[in-house]
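Asker: Going by this note's numbering, the first residue of the sequence shown is number 324, and it counts up by one from there. Even glycine gets a Cβ: it sits at the ideal position worked out from N, Cα and C.
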Amino acid sequence: MVKIEEYASIVGQPIIDDLKLLAGRLQGKVIQNINSTSVGGGVAEILSRMVPIMKELGVDTKWDLIKGGEQFFEVTKKFHNALHGKQEVIDQHDFDIFLETSKKNIEEVNIYGDIVFVHDPQPIALIKNKNANKWIWRCHIDVSEPDQKVWEFLMGFIINYDSAVFSAPSFSRKMPIRQFLISPSIDPLSDKNKELPQEVIDSVLRKYGILQDKPIITQISRFDRLKDPVGVIEAYQQVKKYNDCQLILAGGTAADDPEGIAVLEEAREKARQDPDIHILLLPQNDIEVNALQRASTVIMQKSIKEGFGLTVAEALWKAKPVVASGVGGIPLQVKHKYSGLLCHSIEGAAFAIKQLLNSPGYAKKLGENGREHIRNNFLLTRHLRDYMLLFLSLYYQEDIVYL
Ligand code: UDP
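1. Answer with yes or no whether the minimum CB distance from PRO581 to chain C is below 8 Å.
2. Under a three-way DSSP split, which group does ASP417 fall into?
3. Since PHE476 contacts VAL488 with CB under 8 Å, what's their CB separation in whole angstroms?
4. Can you find the residues in the same chain that come closer than 7 Å, C-beta to C-beta, to LEU655, ignoring five residues on each side of it along the sequence?
5. Put LEU604 into one of helix, strand or coil per three-state DSSP.
6. Short of 8 Å in beta carbon distance, which residues of its chain neighbour SER623, apart from the five on each side in sequence? Order them along the chain.
7. Can you name the residues that DSSP bridges to GLY574?
8. Between the Cα of ARG698 and the Cα atoms of ALA578, ALA638, VAL412, LYS457, which residue gives the shortest distance?
9. Can you give me the Cβ contacts of ILE369 inside the same chain, cut-off strictly under 8 Å, excluding the 5 residues immediately before and after it?
10. Is GLU582 near ligand 1, with its Cβ less than 7 Å from a heavy atom?
11. Which value, in whole angstroms, describes the spacing of the CA atoms of LEU345 and ILE327?
12. Nearest by alpha-carbon distance to ASP536: which of LYS426, ARG348, SER619 is it?
13. Look up VAL432 in the DSSP assignment and say whether it is helix, strand or coil.
14. Hey, would you say the C-beta of ILE571 is under 7 Å away from at least one heavy atom of ligand 1?
15. Does the beta-carbon of PRO595 have 16 or more other beta-carbons within 10 angstroms, so that it is buried, or is it exposed?
16. Going by DSSP, what residue range makes up the alpha helix (DSSP H) through HIS442?
17. So what does DSSP say about SER648, is it helix, strand or coil?
18. Compute the Euclidean distance between the alpha carbons of TRP640 and GLY693, then round it to the nearest angstrom.
19. With distances taken from CA atoms, which of LEU717, ALA642, CYS666 is nearest PRO683?
20. Taking the DSSP output, what are the residues bridged to ASP387?
21. What are the start and end residues of the alpha helix (DSSP H) that includes VAL612?
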């Protein structure tokens with residue numbers, strides 16, 4: 324486990340000193356995080372780094388999971404898609420399944436935190452157990468244009484929380500509780516993001532039979548239609564007519580995402596007969612993700628909808644030129660033509676990739692700017708500071724005017 328002092332060489336000692344000061348103010352408080360999966364996806368990624376480092380700072384921090392069966396996660400995936408504005412057929416039966424599993428979790432999940440920090444919609448109903456403690460709902464989804472039926476259903480729970488947290492200004496909604504804007508972060512010292520020796524990168528490429536004889540374009544994401552793996556292949560195919568290159572489309576599945584296998588098959592079908600397309604079903608292995616990102620010439624994130632998009636921050640931290648859709652939290656990270664290129668279509672993505680492949684100097688500059696942008700805004704240390712300030716603010720609630 325890394326020590327908090329190790330971050331000083333990356334972000335500066337004053338930031339570490341601030342974190343220690345804030346942690347001292349939280350002595351005696353137990354922070355209980357609750358979500359629905361310990362692996363796969365951005366929320367688990369963040370918690371797996373955030374929780375140990377908060378403990379290291381001396382804050383009593385815990386992480387619990389709710390339980391749910393296949394049907395429950397099918398419903399919550401539909402909620403997820405609908406909150407992102409995708410058309411989904413959701414009826415009373417779906418709400419009943421959600422409420423039934425929630426009832427079991429309300430009975431079974433032990434609530435002991437002074438601050439209960441609930442992540443995303445899956446565990447939202449646990450608020451029924453609220454007593455004198457403080458409850459925060461942390462929304463990682465872009466809910467700027469949600470399906471009204473699902474949003475109103477969730478609002479029935481949200482209004483009982485003390486506060487809600489959103490990742491980007493555009494995600495926030497009108498609501499009668501306090502709202503905070505806190506963007507996610509990556510951990511520069513994790514296996515996912517730390518520097519790697521070239522031998523490790525080479526061995527991961529060897530494992531997957533990938534040669535470094537032509538530029539590598541990569542998207543790492545769960546196999547999810549909102550990540551548009553088929554669109555990534557189409558963009559690559561357009562580029563391939565002009566620039567010889569190869570594509571890595573790599574991802575695992577998340578325990579709370581039942582659609583992964585079907586989407587993987589759609590990508591395999593689309594990629595048929597092109598030996599330069601590598602579709603990899605990854606094990607949960609951070610070093611492999613790190614190595615694939617570092618081996619890449621260009622990294623894509625062609626999402627149709629996105630929460631924050633941690634994969635973008637991971638790529639930029641590795642000083643990689645990024646081509647990403649201007650959706651969700653991605654424009655916070657990719658400032659067009661400064662820290663990467665934003666795209667809004669398959670043709671736009673292909674055009675941007677060609678530009679980067681043909682102008683290595685420009686690509687390098689974008690990557691370098693991207694790394695500094697992440698250092699200044701999206702590292703774990705900034706996130707820890709924001710969360711600890713949020714926790715402390717819960718105890719100072721007077722004179723607030725709600726919008
Ligand atoms: N990830 C991973 N292995 C995979 C696919 C994704 O470790 O096979 C990680 C990825 O590196 C990132 C996180 O899962 O840290 C995904 O977060 P993001 O915000 O990009 O998307 P989400 O999956 O939460 O929609």
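Answerer: From the atom records:
1. Looking at the structure shown, chain C is missing, and only one protein chain is on hand.
2. Of the three classes helix, strand and coil, the one that applies to ASP417 here is helix, per DSSP.
3. Not quite, the Cβ-Cβ distance comes to about 20 Å (not below 8 Å), so this is no contact.
4. Cβ within range, chain order: ALA491, SER506.
5. Residue state for LEU604 is assigned as strand, using DSSP reduced to three classes.
6. A small fix is needed here, since residue 623 is Met in this sequence, not Ser. If we look at MET623 and ignore the five residues flanking it on each side, its Cβ neighbours are ILE540, THR541, GLN542, VAL555, ALA558, VAL645, VAL646, ALA647, ALA672, ILE676.
7. Listed as beta-bridge partners of GLY574 by DSSP are LEU604.
8. Answer by Cα proximity: ALA638.
9. PRO507, SER508, LEU633, HIS706.
10. Closer than 7 Å to some heavy atom of ligand 1: that does not describe the Cβ of GLU582.
11. In a straight line, the C-alpha of LEU345 is about 13 Å away from that of ILE327.
12. The shortest CA-to-CA distance from ASP536 to any of LYS426, ARG348, SER619 is the one to SER619.
13. In the three-state reduction of the DSSP assignment, VAL432 falls in the coil class, being assigned neither a helical nor a strand state.
14. Here the distance from the Cβ of ILE571 to the nearest heavy atom of ligand 1 is not below 7 Å.
15. A small correction: the amino acid at residue 595 is Arg; Pro does not occupy that position in the sequence shown. By the 16-neighbour rule on beta-carbons within 10 angstroms, ARG595 is exposed.
16. Segment 438–442 is the beta strand (DSSP E) holding HIS442; no alpha helix (DSSP H) there.
17. In the structure shown, SER648 sits in a strand (DSSP, three-state: E or B).
18. Inter-residue distance for TRP640 and GLY693 is about 7 Å (C-alpha atoms, whole angstroms).
19. Shortest Cα-Cα distance from PRO683 to any of LEU717, ALA642, CYS666 involves ALA642.
20. Its beta-bridge partners are ILE357.
21. Residues 609–618.
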